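Converting from the sequence shown to my numbering requires adding 104 to each position, the first position being numbered 1.
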Amino acid sequence: MVSAEEILKRVPKRCIEDIREYMEKVNKALDNLERIEGKERIAWAFKALSNTTKLDIILLLAATEMPVCLISYILGKDQSLISHHLSDLKTAGLVKETVRGKYRVYRLQKEALLNLFERISDVVEG
(Lines of atoms letter the chains of each structure in order from A and count residues from 1; the text may use other names and numbers.)
(Lines give C-alpha, C1' and ligand atoms only; values in the text may rest on other atoms or scores of the structure.)
Protein backbone atom coordinates (compact mmCIF):
# COMPACT_ATOMS: atom_id res chain seq x y z
CA MET A 1 0.00 0.00 0.00
CA VAL A 2 1.19 3.52 -0.75
CA SER A 3 2.31 5.79 2.09
CA ALA A 4 1.48 9.44 2.70
CA GLU A 5 5.07 10.37 1.85
CA GLU A 6 4.86 8.55 -1.49
CA ILE A 7 1.62 10.34 -2.27
CA LEU A 8 3.25 13.72 -1.64
CA LYS A 9 6.12 12.79 -3.97
CA ARG A 10 3.75 11.83 -6.78
CA VAL A 11 1.16 14.58 -6.49
CA PRO A 12 1.69 17.50 -8.87
CA LYS A 13 3.31 20.42 -7.06
CA ARG A 14 0.36 22.70 -7.82
CA CYS A 15 -1.87 20.37 -5.76
CA ILE A 16 0.36 19.94 -2.71
CA GLU A 17 -0.79 23.07 -0.91
CA ASP A 18 -4.42 22.24 -1.63
CA ILE A 19 -4.16 18.74 -0.20
CA ARG A 20 -1.69 19.30 2.66
CA GLU A 21 -4.50 19.62 5.22
CA TYR A 22 -5.83 16.21 4.18
CA MET A 23 -2.44 14.54 4.18
CA GLU A 24 -2.19 14.78 7.95
CA LYS A 25 -4.94 12.19 8.21
CA VAL A 26 -3.99 10.05 5.22
CA ASN A 27 -1.81 7.72 7.31
CA LYS A 28 -4.79 7.01 9.57
CA ALA A 29 -6.96 6.30 6.53
CA LEU A 30 -4.30 4.00 5.09
CA ASP A 31 -4.06 2.21 8.44
CA ASN A 32 -7.83 1.66 8.34
CA LEU A 33 -7.55 0.06 4.90
CA GLU A 34 -4.90 -2.36 6.11
CA ARG A 35 -6.31 -2.96 9.58
CA ILE A 36 -9.79 -4.17 8.78
CA GLU A 37 -9.85 -7.92 8.32
CA GLY A 38 -12.18 -9.84 6.06
CA LYS A 39 -13.02 -6.99 3.70
CA GLU A 40 -14.60 -9.38 1.21
CA ARG A 41 -16.90 -10.77 3.86
CA ILE A 42 -17.86 -7.28 4.97
CA ALA A 43 -18.56 -6.33 1.35
CA TRP A 44 -20.80 -9.41 1.00
CA ALA A 45 -22.60 -8.45 4.19
CA PHE A 46 -23.24 -4.93 2.92
CA LYS A 47 -24.50 -6.40 -0.35
CA ALA A 48 -26.79 -8.65 1.66
CA LEU A 49 -28.16 -5.69 3.61
CA SER A 50 -28.64 -3.51 0.53
CA ASN A 51 -31.80 -5.25 -0.64
CA THR A 52 -35.13 -4.67 1.12
CA THR A 53 -36.22 -8.30 0.75
CA LYS A 54 -32.97 -9.51 2.29
CA LEU A 55 -33.37 -7.00 5.07
CA ASP A 56 -36.94 -8.23 5.64
CA ILE A 57 -35.59 -11.78 5.88
CA ILE A 58 -33.04 -10.68 8.47
CA LEU A 59 -35.75 -8.92 10.47
CA LEU A 60 -37.93 -12.05 10.43
CA LEU A 61 -35.05 -14.31 11.41
CA ALA A 62 -34.10 -11.96 14.24
CA ALA A 63 -37.28 -13.14 15.96
CA THR A 64 -37.10 -16.88 15.21
CA GLU A 65 -35.68 -19.45 12.84
CA MET A 66 -37.93 -20.33 9.88
CA PRO A 67 -38.15 -22.62 6.87
CA VAL A 68 -37.97 -21.07 3.41
CA CYS A 69 -41.64 -21.77 2.66
CA LEU A 70 -42.78 -19.77 5.70
CA ILE A 71 -40.51 -16.81 4.90
CA SER A 72 -41.83 -16.91 1.33
CA TYR A 73 -45.45 -16.93 2.52
CA ILE A 74 -44.98 -14.10 5.04
CA LEU A 75 -43.19 -11.85 2.55
CA GLY A 76 -45.47 -12.77 -0.35
CA LYS A 77 -42.49 -13.57 -2.58
CA ASP A 78 -41.69 -16.57 -4.75
CA GLN A 79 -39.86 -19.30 -2.87
CA SER A 80 -37.05 -19.42 -5.45
CA LEU A 81 -36.40 -15.69 -4.90
CA ILE A 82 -36.30 -16.17 -1.12
CA SER A 83 -33.93 -19.14 -1.55
CA HIS A 84 -31.64 -17.00 -3.71
CA HIS A 85 -31.58 -14.23 -1.10
CA LEU A 86 -30.97 -16.74 1.68
CA SER A 87 -28.03 -18.12 -0.30
CA ASP A 88 -26.51 -14.63 -0.46
CA LEU A 89 -27.09 -14.13 3.27
CA LYS A 90 -25.50 -17.51 3.95
CA THR A 91 -22.46 -16.62 1.83
CA ALA A 92 -22.15 -13.39 3.81
CA GLY A 93 -22.16 -15.46 7.01
CA LEU A 94 -25.32 -13.79 8.29
CA VAL A 95 -27.62 -16.83 8.31
CA LYS A 96 -27.12 -20.51 8.96
CA GLU A 97 -29.03 -23.31 7.29
CA THR A 98 -30.14 -26.52 8.99
CA VAL A 99 -31.91 -29.39 7.24
CA ARG A 100 -34.85 -30.75 9.24
CA GLY A 101 -36.63 -33.51 7.41
CA LYS A 102 -37.68 -32.11 4.07
CA TYR A 103 -37.25 -28.47 5.16
CA ARG A 104 -34.30 -26.13 5.11
CA VAL A 105 -34.59 -24.00 8.22
CA TYR A 106 -32.68 -20.73 8.49
CA ARG A 107 -31.62 -18.78 11.53
CA LEU A 108 -29.89 -15.45 11.90
CA GLN A 109 -26.25 -15.52 12.95
CA LYS A 110 -26.72 -12.67 15.40
CA GLU A 111 -23.12 -12.73 16.60
CA ALA A 112 -21.86 -12.40 13.02
CA LEU A 113 -24.14 -9.44 12.39
CA LEU A 114 -23.12 -7.74 15.64
CA ASN A 115 -19.46 -8.45 14.90
CA LEU A 116 -19.82 -6.85 11.47
CA PHE A 117 -21.31 -3.68 12.94
CA GLU A 118 -18.66 -3.61 15.66
CA ARG A 119 -15.80 -3.90 13.14
CA ILE A 120 -17.25 -1.11 11.02
CA SER A 121 -17.82 1.02 14.12
CA ASP A 122 -14.20 0.52 15.21
CA VAL A 123 -12.94 1.80 11.87
CA VAL A 124 -15.33 4.74 11.73
CA GLU A 125 -14.60 5.82 15.29
CA GLY A 126 -10.88 5.33 14.74
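By construction, the Cβ of each residue, glycine as well, lies at the ideal position given by its N, Cα and C atoms. Nothing here was measured: the structure is a model prediction, and the numbers come from that model.
Residue i (DSSP reduced to helix, strand or coil)
i: Glu-144; result: helix
i: Lys-200; result: strand
i: Val-209; result: strand
Residue i burial status per 10 Å Cβ neighbour count (16 or more: buried)
i: Leu-217; result: buried
i: Lys-158; result: buried
i: Ser-184; result: exposed
i: Val-203; result: exposed
i: Ile-123; result: exposed
i: Val-228; result: exposed
Distance, residue j Cα to residue i Cα
i: Val-106; j: Lys-113; result: 11 Å
i: Arg-208; j: Met-170; result: 8 Å
i: Met-127; j: Asn-219; result: 31 Å
i: Ser-187; j: Val-115; result: 49 Å
i: Asn-155; j: Leu-190; result: 12 Å
i: Lys-200; j: Leu-153; result: 16 Å
i: Glu-125; j: Ile-178; result: 53 Å
i: Lys-129; j: Lys-117; result: 19 Å
i: Thr-168; j: Ser-176; result: 15 Å
Min CB distance residue i to chain D below 9 Å
i: Leu-153; result: Protein chains in the displayed structure number just one, and chain D is not present.
Residue i Cβ short of 8 Å to the ligand FAD heavy atom set
i: Leu-198; result: As far as ligands go, the structure on display features none, and thus does not contain the ligand FAD.
TODO: Flag this pair as touching only if the region 193-200 and the region 144-160 have three or more C-beta atom pairs under 8 Å; answer yes or no.
DONE: With contact defined as three or more Cβ pairs closer than 8 Å, the region 193-200 and the region 144-160 are in contact.
- [ ] Report yes or no: do the region 205-223 and the region 160-174 share at least 3 C-beta pairs separated by less than 8 Å?
- [x] When C-beta atoms of the region 205-223 are compared with those of the region 160-174, three or more pairs fall below 8 Å, so the two segments count as touching.
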